[in-house]
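For the record, the sequence lines run as chains X and V. All letters in the first sequence, in the order written, are residues 1 to 189 by the working numbering. All letters in the second sequence, in the order written, are residues 1 to 189 by the working numbering. No residue lacks a Cβ here, since even glycine has one placed at the ideal position from N, Cα and C. Only one structure is covered here, and it is reproduced in the block below.
There are 2 protein chains.
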Amino acid sequence: MNNKINTKENLIETAAKLFETKGYYGTGLNEILAESGAPKGSLYYHFPKGKEQLALEAIYSEGKKIKSNVQTHLQNIEHPIEAIVSIIESIAAVIDSDEKSEDMTISLIALETYLTSDILRNACLEIYTSLENLYSEKLIKSGMNKENAIKLGCVISEMIEGGIVYSLVKKSGNPLRLIAEQMPKLLII
Amino acid sequence: MNNKINTKENLIETAAKLFETKGYYGTGLNEILAESGAPKGSLYYHFPKGKEQLALEAIYSEGKKIKSNVQTHLQNIEHPIEAIVSIIESIAAVIDSDEKSEDMTISLIALETYLTSDILRNACLEIYTSLENLYSEKLIKSGMNKENAIKLGCVISEMIEGGIVYSLVKKSGNPLRLIAEQMPKLLII
DNA sequence: GTCTATAATGAGATAGAC
DNA sequence: GTCTATCTCATTATAGAC
Chain X
1 MNNKINTKEN
11 LIETAAKLFE
21 TKGYYGTGLN
31 EILAESGAPK
41 GSLYYHFPKG
51 KEQLALEAIY
61 SEGKKIKSNV
71 QTHLQNIEHP
81 IEAIVSIIES
91 IAAVIDSDEK
101 SEDMTISLIA
111 LETYLTSDIL
121 RNACLEIYTS
131 LENLYSEKLI
141 KSGMNKENAI
151 KLGCVISEMI
161 EGGIVYSLVK
171 KSGNPLRLIA
181 EQMPKLLII
Chain V
1 MNNKINTKEN
11 LIETAAKLFE
21 TKGYYGTGLN
31 EILAESGAPK
41 GSLYYHFPKG
51 KEQLALEAIY
61 SEGKKIKSNV
71 QTHLQNIEHP
81 IEAIVSIIES
91 IAAVIDSDEK
101 SEDMTISLIA
111 LETYLTSDIL
121 RNACLEIYTS
131 LENLYSEKLI
141 KSGMNKENAI
151 KLGCVISEMI
161 EGGIVYSLVK
171 KSGNPLRLIA
181 EQMPKLLII
């Protein structure tokens with residue numbers, strides 16, 4: 001892989017993974033340094049403003065991956081319902097597997113910071129909005145009227161987010177699959 | 001109010017509020033002690049096992065309040081869709097107000113602890129399951145077949161949870177209201 | 001760009017007096 | 001049941017050498 005090529009990227013990737021799974025307040029900088037294998041002196045060189053700055057870049061990095069996954073499915077599958085169902089199934093499959101559940105959600109860090117850091121809250125908000133837009137655009141392309149598509153883009157994002165929370169806590173992809181099952185009722189064009 | 005009547009209850013209530021809004025790892029025991037006004041020496045007397053034990057009781061306390069709010073609406077409003085919409089509206093209204101958004105969700109602490117504490121994860125899971133059951137039972141009473149009702153009970157809970165996350169991050173009850181708007185499409189009996 | 005050392009603070013937790 | 005004092009540890013962050 002592209003390991004060690006870039007210390008800064010390396011730190012961001014590791015931080016993103018840890019913040020996503022263990023939380024912003026639940027993850028220490030030492031832990032990030034240790035797990036990334038990045039040189040110990042380098043953190044405050046690359047991120048002079050400290051933890052919050054690192055988290056900001058980590059959130060954007062996570063957001064990119066999440067958006068990219070959604071985008072891929074929406075592009076490859078023509079029918080919007082099928083595409084959305086396949087997105088949900090791909091997330092459910094990760095949760096059912098033994099892998100660490102990464103690149104799925106920023107909700108933990110969003111909930112942790114929405115009251116304590118406007119910088120991080122806004123970063124999360126931006127990602128949520130992007131996701132909504134991806135869904136809305138797909139629906140519009142499929143012939144749905146704009147007003148409805150915008151509303152449903154938001155609703156779909158919210159449902160998937162709620163489904164992820166339930167699936168993680170229940171350690172099963174099934175709560176997400178129940179969400180997928182309801183999509184046809186919702187997306188009547 | 002019933003202030004100071006019971007130090008232990010007082011600690012649990014304050015902890016519940018802080019854990020819910022600032023998170024388990026984001027809230028220190030000192031902060032709980034200070035805000036509760038409880039005697040400083042009393043924490044480890046009432047909760048010998050420390051923070052996790054306090055959190056466990058705080059989660060159950062929060063869960064009781066959340067369930068009670070849902071139950072009240074479901075009992076007072078006969079039509080299931082109207083009842084669920086009014087639950088969602090009540091949450092949206094709190095988020096739109098200037099009050100601290102309490103007694104709405106345990107998702108933050110659920111996401112923080114699902115990997116690090118099976119005790120707390122199970123407590124959250126229990127609350128989620130109770131909420132699902134409340135919705136399912138209402139749907140069954142309204143004539144829906146059992147299988148569908150069970151599935152939709154879960155889906156409704158998930159949707160509301162996702163809606164709360166979005167509404168908190170966006171500092172607006174509207175994402176939740178979009179969820180409410182879709183309920184009629186979903187709950188066809 | 002990276003290293004080591006360390007400051008400064010706050011965390012969770014414990015012991016023993018009262 | 002509560003108080004005070006304290007322990008230990010981890011945290012974020014900084015300073016200065018290389």
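DSSP on residue i, reduced to helix/strand/coil?
i        : result
V:Ala188 : Checking the sequence shown, residue 188 of chain V turns out to be Ile, not Ala. Here V:Ile188 sits in coil by DSSP.
V:Lys64  : helix
V:Leu115 : coil
V:Glu9   : helix
V:Lys15  : The question names Lys, but residue 15 of chain V is Ala in the sequence shown. Helix, per DSSP.
V:Lys22  : helix
V:Asp96  : helix
X:Lys171 : coil
V:Thr105 : coil
X:Ile88  : helix
X:Ala38  : coil
V:Glu78  : coil
V:Ser142 : coil
X:Lys49  : coil
X:Thr72  : helix
V:Gly153 : helix
X:Gly162 : helix
V:Thr129 : helix
For residue i, count neighbouring Cβ atoms within 10 angstroms of its own Cβ and tell me buried if that reaches 16, exposed if not.
i        : result
X:Ile106 : buried
X:His79  : exposed
V:Pro39  : exposed
V:Ile10  : With the sequence shown as reference, residue 10 of chain V is identified as Asn, and Ile is not the correct amino acid for it. It counts as buried.
V:Ser136 : buried
X:Gly143 : exposed
V:Met103 : Per the sequence presented here, residue 103 of chain V reads as Asp, with Met not at that position. Result: buried.
X:Ser101 : buried
V:Gln75  : exposed
X:Glu112 : buried
V:Ser61  : buried
X:Lys171 : exposed
Can you list the residues of chain X that residue i reaches, using a CB-CB cut of under 8 Å?
i        : result
V:Met183 : Chain X residues near V:Met183: none, gap ~10 Å exceeds 8 Å.
V:Ser107 : Ser107, Leu111, Val165
V:Lys170 : Leu125, Tyr128
Anything in chain X within Cβ reach of residue i, meaning under 9 Å, just list it in chain order.
i        : result
V:Met144 : Simply none; closest approach about 14 Å.
V:Thr178 : Sequence inspection shows Leu at residue 178 of chain V; the Thr mentioned does not correspond to that position. Within 9 Å Cβ-Cβ: Lys151, Leu152, Cys154, Val155, Glu158.
Got a sec? Which residues, its chain only, sit under 7 Å from residue i by beta carbon, not counting five neighbours each side?
i        : result
X:Pro175 : Gly163, Tyr166, Ser167
V:Ser36  : Asn10, Leu11, Thr14
X:Ile77  : Ala83, Ser86
V:Leu33  : Lys40, Leu43
X:Ile119 : Glu52, Leu56
X:Phe19  : Thr27, Ala55, Ala58, Ile109
X:Lys146 : Ile140
V:Ile189 : Ser142, Gly143, Met144
V:Val70  : Ile87, Leu131, Leu134
V:Ala16  : Ala58, Ser61, Glu62
V:Ile179 : Ile88, Met159, Ile160, Gly163
V:Glu31  : Leu18
Please list, in chain order, the chain V residues whose beta carbon lies closer than 7 Å to that of residue i.
i        : result
X:Pro175 : Cys154, Glu158
X:Tyr25  : Gly23, Tyr25, Gly26
X:Leu131 : Going along chain V, no residue has its Cβ under 7 Å from X:Leu131, so there is no contact; the nearest lies around 10 Å.
Ordered along the chain, which non-local residues of its own chain (more than five positions away) have a Cβ less than 6 Å from that of residue i?
i        : result
V:Lys8   : His46
X:Ala110 : Cys124
V:Asp96  : Gly173
V:Pro184 : Ile81
Which chain V residues are close to residue i, counting only those with a beta carbon under 9 Å from its beta carbon?
i       : result
X:Gly28 : Result: empty, since nearest Cβ-Cβ is about 10 Å, beyond 9 Å.
X:Gly50 : Near X:Gly50 there are no residues of chain V at all, since even the closest Cβ is about 16 Å away, more than 9 Å.
Could you pull out every residue in the same chain whose Cβ sits closer than 8 Å to the Cβ of residue i, ignoring the five residues on either side in sequence?
i        : result
V:Glu99  : none
V:Arg177 : Ile88, Glu89, Ala92
V:Ile66  : Asp103, Met104, Thr105, Ile106, Ile127, Leu131
What in chain X is Cβ-close to residue i, meaning under 7 Å?
i        : result
V:Tyr114 : Leu168, Val169
Which residues of chain V have a Cβ atom closer than 8 Å to the Cβ of residue i, listed in chain order?
i        : result
X:Leu186 : Gln182, Lys185, Leu186
X:Gly63  : Under the 8 Å cutoff, chain V gives no residues; its nearest Cβ is about 13 Å from X:Gly63.
X:Glu102 : Correct list: empty, because the minimum Cβ distance to chain V is about 12 Å.
### Query
So does the region 161-173 of chain X actually touch the region 151-161 of chain V, counting three or more Cβ pairs closer than 8 Å?
The region 161-173 of chain X, when compared against the region 151-161 of chain V, does touch it at the 8 Å Cβ threshold.
### Task
May I ask you to verify whether the region 42-57 of chain V touches the region 79-99 of chain V, counting CB pairs closer than 8 Å and requiring at least 3?
For the pair of segments examined, the region 42-57 of chain V was found not to touch the region 79-99 of chain V: the number of CB pairs separated by less than 8 Å stays below three.
### Stretch-stretch touch, CB-based, cutoff 8 Å, three pairs: the region 16-30 of chain X with the region 25-43 of chain V
Under the three-pair Cβ rule at 8 Å, the region 16-30 of chain X counts as touching the region 25-43 of chain V.
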